[in-house]
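Residue numbers (the numbering used here), protein chains in the order written: chain A, 1 to 971; chain B, 1 to 445.
What follows is a short report on a single structure.
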């Protein structure tokens with residue numbers, strides 16, 4: 001008799017097999033992190049129900065079972081391996097197994113060269129991910145499947161990790177997209193993630209088997225896989241128990257059952273986990289702390305007794321909706337704090353109804369809306385003003401501390417903080433999509449462990465040894481928590497540890513502060529998450545300073561909006577819907593594709609009473625104004641057009657193809673001229689889009705490489721599909737030397753990515769792929785070396801021809817730069833004439849690619865701002881000393897541009913950073929330092945596969961608001 | 001007390017006076033090699049401390065002072081320094097730090113600048129940082145990496161690599177637990193005594209020492225058991241430093257594996273060779289080529305000594321650089337030089353070839369060069385040599401150990417299966433050959 005246990009991240013599965021490998025007993029139970037308890041319960045049950053198992057062969061498998069197996073003297077079987085053994089035994093002839101678990105995704109190729117793939121450490125958990133998404137949609141997990149079945153449309157949701165997907169889904173919800181469509185899109189994202197992340201160039205075909213919880217319970221998910229893989233996979237009977245069966249099949253050691261149960265019950269981890277000092281040394285310390293914070297409170301009044309003008313502030317946040325009503329004396333009369341269950345419109349409607357019901361004779365002075373849902377709420381209810389979140393929060397903070405120097409707000413989904421310099425917002429930090437976590441993160445954990453959030457955080461306050469969990473993303477945190485539990489951490493320690501990690505995340509990942517001096521002494525903290533005393537204390541402890549937390553901490557955005565509305569009030573009557581209009585209020589949602597440009601945004605059209613309309617999901621104003629936007633003051637647009645002018649010319653030597661990505665964005669003129677001169681017809685792959693990406697997606701070997709590099713797979717595939725026989729994509733360690741730095745390298749990815757393409761794309765064998773190492777930085781040696789290189793592929797190209805072609809190449813490169821710079825300066829001049837702000841949208845040449853920049857250039861120019869790029873002004877300064885090794889050509893330009901701004905009052909810099917770009921960890925700090933030493937505001941935008949621009953908009957609006965305010969105060 | 005002097009860019013210099021008064025802190029990477037190198041520095045009258053601190057607080061300090069998206073080695077090396085300076089163990093007015101700088105196109109060349117940024121943030125701007133490099137990047141009057149010193153450092157590397165190689169091959173099989181590591185310690189002691197009296201660096205002394213070392217390890221009593229043979233490759237820091245790889249070697253030992261870690265000499269040869277390749281690929285000075293070639297040849301000579309003496313005593317010798325390089329032809333170009341470049345790919349092929357087909361490829365999370373020469377090449381390596389059984393492991397401050405170990409265990413499960421199949425195969429072959437012999441005997445009879 002063989003017993004197999006599968007201890008997963010959320011469940012324990014157990015099977016008992018007889019000697020013919022028939023399942024005698026099976027069970028599947030959630031363990032709620034009480035792992036050893038659950039195991040011993042199950043084993044006891046087995047002992048009671050199955051005869052003859054007193055002596056059995058037992059093996060344990062699953063990520064959470066490792067330590068237990070070791071110390072309880074049981075065989076441990078790695079879970080992927082176990083799956084393989086089971087599949088080979090029960091379904092001979094299986095080609096591919098796809099298994100999704102609580103936190104892992106796995107693909108096993110069984111036939112034709114066995115390979116096993118597990119998701120990389122970044123890819124996040126799929127089961128947990130689906131759980132999270134269900135919570136976000138506020139539907140039970142079982143319903144998700146049903147909803148997906150009714151879908152009509154699929155939205156693109158980032159498929160890398162749960163946090164990214166969340167940032168995509170939230171705005172869709174706020175814009176009123178249908179839940180069924182989102183549910184289906186979530187499944188599509190899971191499929192995408194699994195296929196793209198794990199297949200890594202291997203085709204999934206033949207007999208496909210689906211295993212694991214999510215694939216067993218959700219047939220819509222299986223259908224999605226079938227559609228994408230163009231196959232019909234099977235989900236076998238007992239699909240939940242394959243790992244457990246595999247473990248049983250591998251079990252070799254016969255053990256005494258009772259003994260095993262005893263040792264499991266006595267199992268106590270190693271007792272070693274890293275921990276921090278306690279938050280409070282005793283109850284007294286905590287009481288003092290509470291007393292101190294009670295002082296920061298807002299005065300309240302009775303709305304029914306009040307009869308002056310009121311001002312309404314609404315903060316439609318990502319996970320919660322807050323609304324406040326204040327009086328002329330700023331007294332808080334009424335407030336509401338509600339979860340945003342996907343659609344904020346009905347919530348605000350009922351809030352207003354309630355308010356009108358409460359005081360039928362209310363006199364509304366004015367109203368303002370802020371937060372993610374600002375636009376839709378403002379449109380739906382005709383609110384008087386919209387205000388950027390940062391400004392709203394600053395307005396509120398000033399009310400508690402007029403000379404506040406730093407404001408930090410940790411909400412459900414986002415962290416916002418900014419410094420205040422000379423009374424204006426000076427430096428804004430928003431969390432990047434990756435380091436979200438924040439409040440909803442605590443909530444998710446509390447729920448997973450079976451507590452509500454208030455209870456859970458209270459547990460941590462007097463914890464003796466708060467666990468040190470580091471400051472990474474939620475997915476990692478899950479595993480760290482489990483590890484700590486195994487090592488004997490109590491629930492109190494974990495609660496305190498999670499609060500600390502929220503703070504560390506904010507401080508070290510978002511703000512990147514090293515001490516209180518950097519942030520200023522006068523700090524106001526706010527946002528729902530700071531209502532949690534453990535988080536508040538952790539913040540003070542970590543910063544070594546005392547801060548102010550207003551009692552309306554969770555309402556600050558709305559409170560600020562109300563104050564803002566009050567300050568803007570000019571006596572005219574409010575436009576906000578009155579109780580009569582509210583009764584007639586209707587809201588209809590329609591989803592359409594825009595189709596007015598290549599972005600083809602998916603628009604959510606919200607229709608309200610009186611034919612009012614609000615369009616969400618758009619990147620530019622085109623679908624709203626029906627006019628194409630004016631892009632004359634946008635260098636990105638110009639560069640893109642200019643590059644399109646290099647049209648193929650028929651030549652005697654045939655066709656050569658260039659993939660249009662990474663450094664080709666700048667070297668196209670060079671190689672175009674070079675090969676055209678030699679008599680080649682030079683074609684390049686089209687401008688990237690999502691479809692092109694999908695073409696090469698399956699061949700990406702490293703899922704954490706930057707998006708621009710990933711796109712190269714699609715470009716090369718497109719060239720091959722178009723029948724191009726010669727593809728030219730050289731390796732370039734060095735870029736051209738612009739004499740601005742210590743060296744002139746390309747980053748490793750730009751330099752060598754063509755090597756990855758060469759060995760990971762199957763179809764490369766069909767073409768001549770030229771990817772030699774070339775030295776364009778040595779102008780004199782180049783023709784000779786190039787001659788040798790080309791001789792490997794083509795006959796009869798003389799050195800003389802190559803010399804001529806090289807000259808043409810260098811000349812064309814220079815000409816291209818002259819044109820771009822000339823246009824850049826014309827833009828600057830024009831902007832100055834029209835008194836427009838100038839933004840240096842700084843990045844790397846390939847950020848011109850619209851699939852990479854996501855239309856951020858258009859978004860910014862939509863605010864009436866002129867856009868230039870770093871290379872327009874990088875030649876305007878002398879070489880100067882940087883605090884880092886200045887060794888990459890593209891990045892030297894960034895430093896130079898930042899340095900140049902010193903003398904330019906009307907220019908501000910926004911840096912585009914590709915997610916996963918290791919070099920930018922260095923450049924962003926340096927660019928920030930340069931700008932700040934010049935008294936400029938630094939703004940950084942991280943871009944990836946994400947398609948939503950909501951957060952970007954906030955940043956840009958905050959920047960513009962800050963600039964405007966700075967101007968005003970300086971006169 | 002030594003005066004603080006700055007160069008014209010504002011960099012704090014390490015002066016001659018400081019050499020007398022200051023203690024230089026060295027970060028830990030490969031323990032055996034670094035302990036020996038430290039002895040060389042002492043011989044040249046530098047007071048040094050090799051930091052052997054460990055524990056999660058080092059990464060925490062690193063996170064506090066270094067951009068969190070920077071690679072893990074930078075976080076750890078800088079974290080280790082800051083942790084030491086804040087510990088109160090050292091007089092911060094009489095302490096300097098040393099860090100290597102390769103000048104390559106990857107982020108690692110920037111560690112020194114990130115370290116200075118961290119020092120400023122923490123209020124240690126008076127602590128000088130010395131760059132250890134051979135590219136003439138930064139100079140200090142109180143420290144120069146002179147030719148004799150370079151030679152001796154190379155000598156120390158050769159000894160270190162050899163000791164690491166041999167102990168890795170004996171430790172898993174030793175009958176008397178701890179014997180191999182005790183032998184390593186006694187050799188480090190022995191060699192540093194030699195260094196102190198200016199001995200142990202000439203070719204003939206080195207040969208003698210290396211032979212004696214190999215011989216002494218061959219006398220360790222060993223059990224005959226079959227173990228899973230695992231190679232470790234990767235980004236240089238996480239490959240060697242147990243602080244960086246969660247003590248990977250120990251974990252593998254606990255899982256019943258024999259470990260092979262390619263030495264630092266291969267990396268040194270690679271870095272020197274890069275300069276030759278650059279000239280070959282892109283053109284450049286012939287004189288420079290000749291000078292670099294001299295150094296290259298010298299290193300190769302050292303390598304040959306290591307190979308000969310270890311092979312003589314029946315150990316698996318380190319791979320020969322020229323052969324390793326040959327293996328990667330047609331797989332990845334020799335111009336690929338950032339980070340570990342093509343060498344990383346080559347080492348994986350080499351290990352597979354020399355019967356260490358099970359490989360852990362280590363890298364910091366988001367390591368740029370390894371997207372290409374590590375993870376990017378695994379598929380190709382498997383095509384070239386299907387025996388390869390490779391797992392890529394990312395290290396960073398947040399990556400939980402359980403997940404890393406789980407992935408490695410998967411690799412080991414497959415390795416074990418292969419090993420069993422192999423020994424079955426061997427048994428079959430044995431019986432076959434026995435039968436053949438019998439048949440032969442019959443026919444001759």
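Glycine included, C-beta positions come from ideal geometry on N, C-alpha and C.
**Message:** With a threshold of 6 Å on Cβ separation, who are the neighbours of residue 445/B within its own chain once the five nearest residues in sequence on each side are excluded?
**Reply:** Residue 445/B sits at position 445 when you count from the first residue of the second chain. Confidence in residue 445/B is poor, its pLDDT being 41 and thus under 50, which makes the residue's placement too unreliable to answer from.
**Request:** Using alpha carbons as the reference points, say which of 8/A, 39/A and 46/A lies closest to residue 82/A.
**Result:** Taking the first chain and counting its residues from 1, one reaches residue 82/A at position 82. Here the closest residue by C-alpha is 8/A.
**Request:** State the CB to CB distance for the pair residue 306/B and residue 207/B, rounded to an integer number of angstroms; the pair is presumed to be in contact (CB under 8 Å).
**Result:** As a working note, residue 306/B is residue 306 in the second chain. As a working note, residue 207/B is residue 207 in the second chain. No, residue 306/B and residue 207/B are not in contact; Cβ-Cβ is about 10 Å, not under 8 Å.
**Message:** Classify residue 360/A: buried if its beta carbon has 16 or more other beta carbons within 10 angstroms, exposed otherwise.
**Reply:** Within the first chain, residue 360/A is the residue found at index 360, counting from 1. The residue is exposed, with fewer than 16 neighbouring Cβ atoms inside 10 Å.
**Item:** Residues of its chain near residue 23/A, where Cβ-Cβ distance is below 8 Å and the 5 sequence neighbours each way are ignored
**Value:** As a first step, residue 23/A is located in the first chain; it is residue number 23 there, counting from the start. Cβ within range, chain order: 15, 16, 17, 238, 241 and 245.
**Item:** Any chain A beta carbon closer than 7 Å to residue 274/B
**Value:** Position 274 of the second chain, counted from the start, is the residue given in the question as residue 274/B. So no, residue 274/B is outside the interface.
**Message:** Give me the chain B residues within the contact set of residue 881/A, using Cβ-Cβ distance strictly less than 8 Å, ordered along the chain.
**Reply:** Taking the first chain and counting its residues from 1, one reaches residue 881/A at position 881. Near residue 881/A (Cβ distances below 8 Å), the residues of chain B are 9 and 10.
**Request:** Output yes if chain B places a C-beta closer than 7 Å to the C-beta of residue 756/A; else output no.
**Result:** For the purposes of this step, residue 756/A is taken as residue 756 along the first chain, with counting starting at 1. Chain B contact via Cβ: present.
**Item:** Three CB pairs or more closer than 8 Å across the segment 64-73 of chain A and the segment 87-97 of chain A
**Value:** Output reads no: the segment 87-97 of chain A does not touch the segment 64-73 of chain A.
**Prompt:** Is the distance from the Cβ of residue 359/B to the Cβ of residue 348/B below 7 Å?
**Reply:** Here residue 359/B is taken as the residue at index 359 of the second chain, counted from 1. Here residue 348/B is taken as the residue at index 348 of the second chain, counted from 1. Going by C-beta atoms, residue 359/B is nearer than 7 Å to residue 348/B.
**Message:** According to DSSP, is residue 907/A part of a helix, a strand, or is it coil?
**Reply:** Mapped onto the first chain, residue 907/A falls at position 907. Strand, per DSSP.
**Message:** Using the Cβ count rule (16 or more neighbours within 10 Å means buried), how would you classify residue 483/A?
**Reply:** Walking along the first chain from the start, residue 483/A turns up at place 483. Counting Cβ neighbours within 10 Å, residue 483/A comes out buried, since at least 16 surround it.
**Prompt:** Along the chain, where does the alpha helix (DSSP H) that runs through residue 269/B open and close?
**Reply:** Within the second chain, the letter at position 269 stands for residue 269/B. Residue 269/B -> alpha helix (DSSP H) spans 264-282.
**Request:** For residue 323/B, return the contacting residues in chain A, with the cut-off set at a CB-CB distance below 9 Å.
**Result:** To locate residue 323/B, count along the second chain from 1; it is residue 323. Correct list: empty, because the minimum Cβ distance to chain A is about 21 Å.
**Prompt:** In whole angstroms, what separates the C-alpha of residue 844/A from that of residue 309/A?
**Reply:** For this step, residue 844/A is matched to residue 844 along the first chain. For this step, residue 309/A is matched to residue 309 along the first chain. Computed Cα separation, rounded: 53 Å.
**Request:** Flag this pair as yes or no: are the beta carbons of residue 877/A and residue 900/A separated by less than 7 Å?
**Result:** Position 877 of the first chain, counted from the first residue, corresponds to residue 877/A. Position 900 of the first chain, counted from the first residue, corresponds to residue 900/A. Yes, they are a contact pair.
**Message:** Using a Cβ-Cβ cutoff of 7 Å, what residues of the segment 883-906 of chain A are near chain B? List them in chain order.
**Reply:** 883, 884, 885 and 887
**Prompt:** Which of the three DSSP states, helix, strand or coil, is assigned to residue 442/B?
**Reply:** Against the second chain, residue 442/B aligns to sequence position 442. Because the pLDDT of residue 442/B is 48, which lies under 50, any placement of that residue in the model is unreliable, and the number read from its coordinates should be weighed accordingly. Here residue 442/B sits in helix by DSSP.
**Asked** Can at least three beta-carbon pairs, one atom from the segment 197-208 of chain A and one from the segment 95-109 of chain A, be found at a separation below 8 Å?
**Response** yes
**Prompt:** In the segment 213-250 of chain B, which residue ranges form an unbroken beta strand (DSSP E) of at least 3 residues, counting only runs that do not cross its ends?
**Reply:** For the segment 213-250 of chain B, whole beta strand (DSSP E) runs of length 3 or above, ordered along the chain, are 228-234.
**Asked** Apart from the five residues on each side of it in sequence, which residues of its chain come closer than 6 Å, Cβ to Cβ, to residue 713/A?
**Response** Numbered from its first residue, the first chain carries residue 713/A at position 713. Here the set comprises 696, 699 and 700.
**Cα-Cα separation between residue 176/A and residue 445/A, rounded to whole angstroms** = Reading the first chain from its first residue, position 176 is the one you call residue 176/A. Reading the first chain from its first residue, position 445 is the one you call residue 445/A. Taking the straight line joining both Cα atoms gives about 27 Å.
**Asked** Whose C-alpha, out of 31/B, 392/B and 413/B, is nearest the C-alpha of residue 167/B?
**Response** Sequence index remark: in the second chain, residue 167/B carries index 167 (1-based). Comparing Cα-Cα distances from residue 167/B to each of 31/B, 392/B and 413/B, the minimum goes to 31/B.
**Straight-line gap, residue 436/A to residue 655/A (C-alpha atoms, nearest Å)** = Residue 436/A sits at position 436 when you count from the first residue of the first chain. Residue 655/A sits at position 655 when you count from the first residue of the first chain. Note that residue 436/A has pLDDT 47, beneath the 50 cutoff, so the model's placement of it is unreliable and the number below is only indicative. Taken atom to atom, the span from the alpha-carbon of residue 436/A to that of residue 655/A is near 48 Å.
**Asked** Would DSSP call residue 949/A helix, strand or coil?
**Response** Within the first chain, residue 949/A is the residue found at index 949, counting from 1. Of the three classes helix, strand and coil, the one that applies to residue 949/A here is coil, per DSSP.
**Item:** Presumed contact (8 Å Cβ cut-off) between residue 92/B and residue 127/B, rounded CB distance
**Value:** On the second chain, residue 92/B is found 92 positions in, with the first residue counted as 1. On the second chain, residue 127/B is found 127 positions in, with the first residue counted as 1. Taking the Cβ atoms as the reference, residue 92/B lies roughly 6 Å from residue 127/B, within the contact range of under 8 Å.
**Item:** Cross-strand partners of residue 75/A (DSSP beta bridge)
**Value:** In the first chain, residue 75/A corresponds to position 75, counting from 1. According to DSSP, residue 75/A bridges with 59/A.
**Request:** Indicate whether at least one CB of chain B lies closer than 7 Å to the CB of residue 913/A.
**Result:** Position 913 of the first chain holds residue 913/A. Closer than 7 Å: no.
**Message:** Which residues of the segment 693-710 of chain A have a Cβ closer than 8 Å to any Cβ of chain B? Give them in chain order.
**Reply:** 701, 702, 704, 705 and 709
**Prompt:** Should the segment 460-468 of chain A be regarded as contacting the segment 492-500 of chain A, the criterion being three or more beta carbon pairs within less than 8 Å?
**Reply:** The segment 460-468 of chain A makes contact with the segment 492-500 of chain A: 3 or more CB pairs, one atom from each, lie closer than 8 Å.
**Request:** List the residues of chain B whose Cβ lies closer than 9 Å to the Cβ of residue 417/A, in chain order.
**Result:** Mapped onto the first chain, residue 417/A falls at position 417. Going along chain B, no residue has its Cβ under 9 Å from residue 417/A, so there is no contact; the nearest lies around 16 Å.
**Prompt:** Could you give the C-beta distance for residue 774/A and residue 786/A, rounded to a whole number, given that I count them as a contact under 8 Å?
**Reply:** Your numbering for residue 774/A matches position 774 in the first chain. Your numbering for residue 786/A matches position 786 in the first chain. Right, their Cβ atoms sit about 7 Å apart.
**Message:** Cutting at 8 Å between CB atoms, please list the residues of its own chain near residue 646/A, excluding the five before and the five after it.
**Reply:** The residue given as residue 646/A occupies position 646 in the first chain. So the list reads 668, 669, 672, 682 and 684, once near-sequence residues are dropped.
**Prompt:** Hey, is residue 371/B's beta-carbon within less than 7 Å of any beta-carbon in chain A?
**Reply:** The residue you call residue 371/B lines up with position 371 of the second chain. So yes, residue 371/B belongs to the interface.
**Request:** Can you pull the chain A residues whose beta carbon is under 7 Å from the beta carbon of residue 335/B, in chain order?
**Result:** As a position in the second chain, residue 335/B is number 335, starting the count at 1. Neighbours of residue 335/B on chain A, chain order: 731, 733 and 773.
**Prompt:** According to the neighbour-count rule (16 or more other Cβ atoms, all chains shown, within 10 Å of its Cβ), is residue 339/A buried or exposed?
**Reply:** Position 339 of the first chain, counted from the start, is the residue given in the question as residue 339/A. By the 10 Å Cβ count, residue 339/A comes out exposed.
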